[in-house]
Amino acid sequence: MGLSPEGGLVGNLEYAQKNIFGTAQDISLTYSQGLGGAATATWNLGYTAHAFPVYDRVEVNLYRRQEAQQEEASKVTWGGEVGLSYPLAHYLDLEVGLSHEQSQLLPEGEWLPPRTALTLGLSFNSRDDPFFPRSGRSWQLSGEKAGTFAPGVEYFSLTGEVANFTPVDLFTPVGHLRATFAQRLLLKWGWGLSEDYLFELGGATTVRGASSQLTSKMGLLNSELRLELTQGAYVAGFWDLGVDLERGELKSSLGLEIAVYLGGMFVRLDLAWPSDRPWNWVPAFEFEMSPMF
Numbered sequence: 105m106g107l108s109p110e111g112g113l114v115g116n117l118e119y120a121q122k123n124i125f126g127t128a129q130d131i132s133l134t135y136s137q138g139l140g141g142a143a144t145a146t147w148n149l150g151y152t153a154h155a156f157p158v159y160d161r162v163e164v165n166l167y168r169r170q171e172a173q174q175e176e177a178s179k180v181t182w183g184g185e186v187g188l189s190y191p192l193a194h195y196l197d198l199e200v201g202l203s204h205e206q207s208q209l210l211p212e213g214e215w216l217p218p219r220t221a222l223t224l225g226l227s228f229n230s231r232d233d234p235f236f237p238r239s240g241r242s243w244q245l246s247g248e249k250a251g252t253f254a255p256g257v258e259y260f261s262l263t264g265e266v267a268n269f270t271p272v273d274l275f276t277p278v279g280h281l282r283a284t285f286a287q288r289l290l291l292k293w294g295w296g297l298s299e300d301y302l303f304e305l306g307g308a309t310t311v312r313g314a315s316s317q318l319t320s321k322m323g324l325l326n327s328e329l330r331l332e333l334t335q336g337a338y339v340a341g342f343w344d345l346g347v348d349l350e351r352g353e354l355k356s357s358l359g360l361e362i363a364v365y366l367g368g369m370f371v372r373l374d375l376a377w378p379s380d381r382p383w384n385w386v387p388a389f390e391f392e393m394s395p396m397f
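Quick look at the structure:
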């Protein structure tokens with residue numbers, strides 16, 4: 105956890121039990137504040153199993169998210185998600201998910217239309233390491249449909265993502281250094297998205313250091329040269345390029361990222377110089393509790 109002058113406490117607390125009684129089942133309870141916006145607080149109870157017959161993975165998440173609105177108002181959202189991974193071939197899975205959430209405006213007590221969405225997709229992952237991959241590739245193609253089969257909001261969206269990792273060997277006077285060149289290409293396209301479900305372009309998960317904006321169509325290219333410092337830690341130089349395909353606007357940023365995986369928790373700190381602000385030597389700092397790709 106940290107302290108932000110604008111939003112108070114910022115960070116992530118997690119209690120997790122991995123491989124319970126040797127049954128390949130995990131359970132976690134997470135509280136995060138300020139990571140999805142300075143005035144956002146989220147509780148999440150998660151369950152993941154890898155030992156069910158037929159399926160590679162079964163995942164269940166229950167969450168409560170509170171977001172500050174204008175003045176003293178806030179929006180509270182309760183929701184749940186169920187996901188299944190079914191193996192089709194080596195490294196290739198069929199992904200099926202169902203989610204439902206309901207939001208309420210406080211203190212008025214007004215209930216907003218619910219969202220029930222079905223997700224169907226394919227995923228491929230041949231990376232040689234989940235934290236510091238040096239070779240391999242991952243990709244996913246998925247579609248999400250909300251409404252029509254259930255009351256509430258209606259929309260349809262498509263997501264395509266490809267990440268590639270190439271090993272780089274650096275020989276220096278201090279010895280051999282392990283590095284990798286990583287790139288990700290991401291495309292998101294939505295039809296009928298309401299403001300609450302638009303995609304976010306800019307920030308720690310897209311264009312690091314840039315101000316965020318909402319859009320229904322976006323493209324993204326992330327490039328990194330990652331240098332392993334020690335097992336469980338690396339530093340990376342990065343360049344991000346994002347485009348709002350709805351408005352025809354570009355965002356980019358250059359910077360450094362420090363990532364640490366310790367005790368089952370991933371933490372990364374970004375120092376970025378984005379294109380959407382006047383240049384100065386002081387970078388924009390961002391903090392995130394999950395890998396970008």
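This note's numbering applies: residue 105 is where the sequence shown begins, and numbers increase by one. Glycine included, every Cβ here is placed at the ideal spot set by N, Cα and C.
Query raised in the report: If you draw a straight line from the C-alpha of Leu-318 to the C-alpha of Glu-304, how long is it?
Result: Within the sequence shown, the letter at position 214 stands for residue 318. Within the sequence shown, the letter at position 200 stands for residue 304. Cα-Cα distance, rounded: 5 angstroms.
Query - Per-residue DSSP class, three states only, for Gly-336 - result: Stepping through the sequence shown from its first residue, residue 336 is reached at position 232. The answer is coil: DSSP assigns Gly-336 none of H, G, I, E or B.
Query - Pro-370 versus Met-393 - alpha carbon distance - result: Stepping through the sequence shown from its first residue, residue 370 is reached at position 266. Stepping through the sequence shown from its first residue, residue 393 is reached at position 289. At residue 370 the sequence reads Phe, which differs from the Pro that was named. Each residue's Cα considered, the two are about 6 angstroms apart.
Query raised in the report: Who are Leu-188's beta bridge partners in DSSP?
Result: Taking the first residue of the sequence shown as position 1, residue 188 is located at position 84. Paired residue(s): Val-162, Val-200.
Query - Host beta strand (DSSP E) of Ile-45 (start-end) - result: For residue 45 there is no data in the structure shown, the boundaries of the chain being 105 and 397.
Report task. Please name the residue in Gln-287, Ala-177, Leu-291 whose C-alpha comes closest to that of Ser-327. Result -> Counting from one through the sequence shown, the residue named residue 327 turns up at place 223. Here the closest residue by C-alpha is Gln-287.
Query raised in the report: Can you tell which of Glu-212, Glu-185, Ala-145, Tyr-190 has the C-alpha that lies nearest to the C-alpha of Gln-176?
Result: Position 72 of the sequence shown holds residue 176. It is worth fixing the name first, because residue 176 is Glu in this sequence and not Gln. The residue with the shortest Cα to Cα distance from Glu-176 is Glu-212.
Query raised in the report: Around the C-beta of Asp-232, are 16 or more other C-beta atoms found within 10 angstroms, so that it is buried, or is it exposed?
Result: Taking the first residue of the sequence shown as 1, we reach residue 232 at position 128. So Asp-232 counts as exposed.
Requested in this report: Would you kindly work out how many angstroms separate the C-alpha atoms of Gln-335 and Pro-382, rounded to a whole number?
Outcome: Counting from one through the sequence shown, the residue named residue 335 turns up at place 231. Counting from one through the sequence shown, the residue named residue 382 turns up at place 278. Approximately 37 angstroms, taken between the alpha carbons.
Query - Cβ pair count under 8 angstroms reaching 3, the region 219-228 against the region 240-255 - result: Flag = yes, the region 219-228 and the region 240-255 touch.
Requested in this report: Check the DSSP bridge columns for Phe-285 and list the partner residues they point to.
Outcome: Position 181 of the sequence shown, counted from the start, is the residue given in the question as residue 285. Looking at the DSSP assignment, Phe-285 forms a beta bridge with Thr-270, Leu-329.
Query raised in the report: Going by Cα to Cα distance, which pick from Ser-320, Leu-366, Ala-388, Ser-379 is closest to Arg-351?
Result: Walking along the sequence shown from the start, residue 351 turns up at place 247. It is Ser-320 whose Cα lies nearest to the Cα of Arg-351.
Query raised in the report: Straight-line CA distance for Gln-169 to Glu-163?
Result: On the sequence shown, residue 169 is found 65 positions in, with the first residue counted as 1. On the sequence shown, residue 163 is found 59 positions in, with the first residue counted as 1. In the sequence under discussion, the amino acid at residue 169 is Arg, which differs from the Gln named in the question. Each residue's Cα considered, the two are about 19 angstroms apart.
Query raised in the report: Using DSSP with H/G/I as helix, E/B as strand and the rest coil, what is Glu-299?
Result: Start at 1 with the first residue of the sequence shown, and residue 299 comes out as number 195. Of the three classes helix, strand and coil, the one that applies to Glu-299 here is helix, per DSSP.
Requested in this report: With DSSP as the reference, label Leu-349 as helix, strand or coil.
Outcome: Within the sequence shown, the letter at position 245 stands for residue 349. DSSP, reduced to helix, strand and coil, places Leu-349 outside both helices and strands of the structure shown, so it counts as coil.
Query raised in the report: Does DSSP classify Asn-384 as helix, strand or coil?
Result: Indexing the sequence shown from 1 puts residue 384 at position 280. Taken through DSSP and simplified to helix, strand or coil, Asn-384 comes out as coil.
**Report entry** Distance between Pro-387 and Leu-302 (C-alpha atoms, nearest Å)
**Finding:** To locate residue 302, count along the sequence shown from 1; it is residue 198. To locate residue 387, count along the sequence shown from 1; it is residue 283. C-alpha separation (whole angstroms): 28 angstroms.
**Report entry** Same chain, Cβ closer than 8 angstroms to Leu-158, neighbours up to 5 away in sequence not counted
**Finding:** By one-based count along the sequence shown, residue 158 stands at place 54. Checking the displayed sequence, the identity of residue 158 turns out to be Val instead of Leu. Only Tyr-190 meet the Cβ criterion.
Report task. Sort Ala-283, Phe-269, Thr-310 by Cα distance to Phe-275 and report the nearest one. Result -> The residue you call residue 275 lines up with position 171 of the sequence shown. It is Ala-283.
**Report entry** Same chain, Cβ closer than 8 angstroms to Pro-217, five either side skipped, listed in chain order
**Finding:** Translated into the one-based positions of the sequence shown, residue 217 becomes position 113. Residues Pro-255, Gly-256, Val-257 of the same chain have their beta carbon placed closer than 8 angstroms to that of Pro-217, with the five preceding and five following residues left out of the count.
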